[in-house]
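Student: Numbering-wise, the sequence shown is residues 5 to 221 according to the working numbering.
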Amino acid sequence: MSNDSIEPKYQVTKKAPMRRSRAACHKSSDSDDCVKPPTASIATKSAELPKKMSAAQRARNHYHEICGQFRLELKQKLNCEYFVELPAIRNSLAKAQPKCLRIPKFLQFEEQAYDPETYQSKPTGHKPNTTVRWCHSKDTASGKLIAQSNAFLVTWEDKTQTLHVGDEVFELDSRKLEPVKNHWYLRFDAYYQRLCGINEQITLRTQPELSQSEVNK
Numbered sequence: 005m006s007n008d009s010i011e012p013k014y015q016v017t018k019k020a021p022m023r024r025s026r027a028a029c030h031k032s033s034d035s036d037d038c039v040k041p042p043t044a045s046i047a048t049k050s051a052e053l054p055k056k057m058s059a060a061q062r063a064r065n066h067y068h069e070i071c072g073q074f075r076l077e078l079k080q081k082l083n084c085e086y087f088v089e090l091p092a093i094r095n096s097l098a099k100a101q102p103k104c105l106r107i108p109k110f111l112q113f114e115e116q117a118y119d120p121e122t123y124q125s126k127p128t129g130h131k132p133n134t135t136v137r138w139c140h141s142k143d144t145a146s147g148k149l150i151a152q153s154n155a156f157l158v159t160w161e162d163k164t165q166t167l168h169v170g171d172e173v174f175e176l177d178s179r180k181l182e183p184v185k186n187h188w189y190l191r192f193d194a195y196y197q198r199l200c201g202i203n204e205q206i207t208l209r210t211q212p213e214l215s216q217s218e219v220n221k
C-alpha cells in the first residue's frame, strides 16, 4: 500500500498565538505567566462583602424602620397625652408686676441674713459701702419678725426711682420687655410651675453728685 491512500486519523491545525492585554494581566518577576493585578481582586472582594456597621448605626437604622412602619400604619395620627397634677398655688406676683434687675459689678448682695450670734467674718471681696445686707428683727407693735435692710427704694414726684444702699445713691432706669421672654417659676421636685411673666427690666446708674463711694472716683 502506498502512503497516499492512508487517511490521517487526526487533523493538526496551527493556532494563532493569544495576545495578552496589559490592562488585564501583567508578568511577574519570577515567571512569565499572566497574573491578574491584585487591585482587581481586592475591589471585587470589597464590593461583595457588606460594610460593617457599628451598634449605634444598627440601632439608628432599626429605629427609622420602626418609625416608617408606624407612619404607614397610623398615617401620622399618633398622639401622646400626659396627665400631671399640679398643686393649687395662690400668689400675688402677677398683681405686683415683678421686675428684672441687672445687678452691676459694683453692687453686691449678702444672701444669708445677718445673725449676731452665728455671724463669722469671711473674706468675700465685697465692698462694705456697696453691699446690700439684711437681717430679721422683731416688730415692736405686732411682735412678729420682719426683714430689715440697709437698702431702700425711693419714688420721687416725677415717678423716677433711686436705690439707696447706706450712703450710696443709684438711679433706676427701667424699660419694657416686649415680647415677654423672662418668667417667674416655682420649683418643685420634678418640674417647674410658671407663676407670672416679667415685662420690665431695670438697670442701675451711679449718681456722682449724690454718692460718696469710691465707685464714682
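We treat Cβ as the ideally placed atom computed from N, Cα and C, and that holds for glycine.
This one's a predicted model, so the numbers in the text were calculated from it and none came from an experiment.
1) Note the first and the last residue of the continuous alpha helix (DSSP H) segment covering TYR67.
2) Buried or exposed: which applies to PHE174, given that a residue is buried once 16 or more other Cβ atoms fall within 10 Å of its Cβ?
3) Does the distance from the C-beta atom of LEU167 to that of LEU157 stay below 8 Å?
4) Distance, Cα to Cα, GLU204 vs ASN95?
5) Beta-carbon within less than 6 Å of ASP143's beta-carbon, same chain only, minus the 5 sequence neighbours each way: which residues are those?
6) How long is the line joining the alpha carbons of ASP177 and LYS109, rounded to whole angstroms?
7) Taking just the CA atoms, how far does GLU85 sit from ALA155?
8) Tell me the DSSP secondary structure of LEU90 in three-state form.
9) By a C-beta neighbour count over all protein chains shown, 10 Å radius and 16 as the cutoff for buried, is VAL169 buried or exposed?
10) What whole-angstrom Cβ distance do ASN186 and ILE202 have, given they're in contact under 8 Å?
11) Please identify the residue among ASP171, PHE192, CYS104, VAL88 whose C-alpha is closest to the C-alpha of VAL136.
12) Using only the alpha-carbon positions, how far apart do ILE70 and GLN61 sit?
Tutor: Let me spell this out:
1) As a working mapping, residue 67 is identified with position 63 in the sequence shown. From DSSP, the alpha helix (DSSP H) with TYR67 extends over 59–78.
2) Sequence index remark: in the sequence shown, residue 174 carries index 170 (1-based). Under this definition PHE174 is a buried residue.
3) On the sequence shown, residue 167 is found 163 positions in, with the first residue counted as 1. On the sequence shown, residue 157 is found 153 positions in, with the first residue counted as 1. It is a contact, given that the beta carbons lie within the stated cut-off.
4) On the sequence shown, residue 204 is found 200 positions in, with the first residue counted as 1. On the sequence shown, residue 95 is found 91 positions in, with the first residue counted as 1. Computed Cα separation, rounded: 19 Å.
5) Against the sequence shown, residue 143 aligns to sequence position 139. Result list for ASP143: ILE150, in chain order.
6) Within the sequence shown, residue 177 is the residue found at index 173, counting from 1. Within the sequence shown, residue 109 is the residue found at index 105, counting from 1. ASP177 and LYS109: Cα-Cα distance of roughly 16 Å.
7) Position 151 of the sequence shown, counted from the first residue, corresponds to residue 155. Position 81 of the sequence shown, counted from the first residue, corresponds to residue 85. The straight-line gap from Cα to Cα measures roughly 49 Å.
8) Against the sequence shown, residue 90 aligns to sequence position 86. Residue state, collapsed to three classes: coil.
9) Here residue 169 is taken as the residue at index 165 of the sequence shown, counted from 1. Label assigned to VAL169: buried.
10) Numbered from 1 along the sequence shown, position 182 holds the residue referred to as residue 186. Numbered from 1 along the sequence shown, position 198 holds the residue referred to as residue 202. Right, the Cβ-Cβ distance comes to about 4 Å (below 8 Å), so this counts as a contact.
11) Against the sequence shown, residue 136 aligns to sequence position 132. That would be ASP171, whose Cα lies nearest to the Cα of VAL136.
12) The sequence position of residue 70 within the sequence shown is 66, counting from 1. The sequence position of residue 61 within the sequence shown is 57, counting from 1. Using only the alpha carbons, I get a separation of about 14 Å.
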